[in-house]
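Letter 125 of the sequence shown, counting from 1, is numbered 125 in the UniProt record's numbering, and no numbers are missing.
Note that the Cβ used here is the ideal one computed from N, Cα and C, for glycine as well.
The structure appears right after this line, and notes come after that.
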Amino acid sequence: MKISKRVLNDIEFYIKGIKDKRKGLEDILYMAQIEYGYLPNEVQNFISEKTEIPLIEIKECISKSDLLKDDTKNSVLIRVCKGARCSANGSEFILEEFKKQLKIDVGETTSDGITLQIQNCFAKCAIGPNVYINNTHIPKVTVEEVKNIIKRVKMFDYK
């Protein structure tokens, strides 16, 4: 996979803002993962180079975290907005429906590689409640649409 310069620039900018790279490593990795739903090897190598943390330590950090993934197979990240406006428009119910349909809790991954997470705000409040499937934005989600969204995730390649 070819990683875009924009993504690498965003990661580098984020890294520069962190004083203690070792203490902030998990945050750096999580930020980098948002773009693809997992951490491609090229991104891991880039982070290792920019933080001067050995690659083996980065891989160790990923393997110890329930939220970080380096597996490219069946890796789909569903993020539900929990910002104030999305919550006021029903994102709590949408999240509960995702949990029910996927039979997992927030931060967990299904056997077929779908991870459910929440995010405070996507800054798209006017068209919420918002859900992201990896990089694909789905606005104005309703509880009734959740089952269909999951079906589409399983049918199509969001990886």
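In this structure, DSSP gives R6 a helical state, which the three-state scheme calls helix. In the DSSP assignment, I150 falls within the alpha helix (DSSP H) that extends over 146-155.
Secondary structure of C81 (DSSP, three-state): strand. By the 16-neighbour rule on beta-carbons within 10 angstroms, E57 is exposed. Rounded to the nearest whole angstrom, the C-alpha separation of G90 and E52 is 43 Å.
In chain order, V80, I138, V141 place their CB closer than 6 Å to the CB of V131, counting only its own chain and leaving out the 5 sequence neighbours on each side. Annotation: the segment 96-148 contains the following complete segments of the beta strand (DSSP E) (minimum length 3 residues), in chain order: 114-119, 131-133, 136-138. Leaving aside the five residues that flank I28 on each side, the residues in its chain whose CB is nearer than 8 Å to its CB run, in chain order, I11, Y14, I15, I18, K21, I47, T51.
When DSSP reads this structure, V43 sits in no beta bridge, so it has no partner.
Inclusion of I127 and L95 in the CB contact set at 8 Å is not warranted, their separation being larger than that value.
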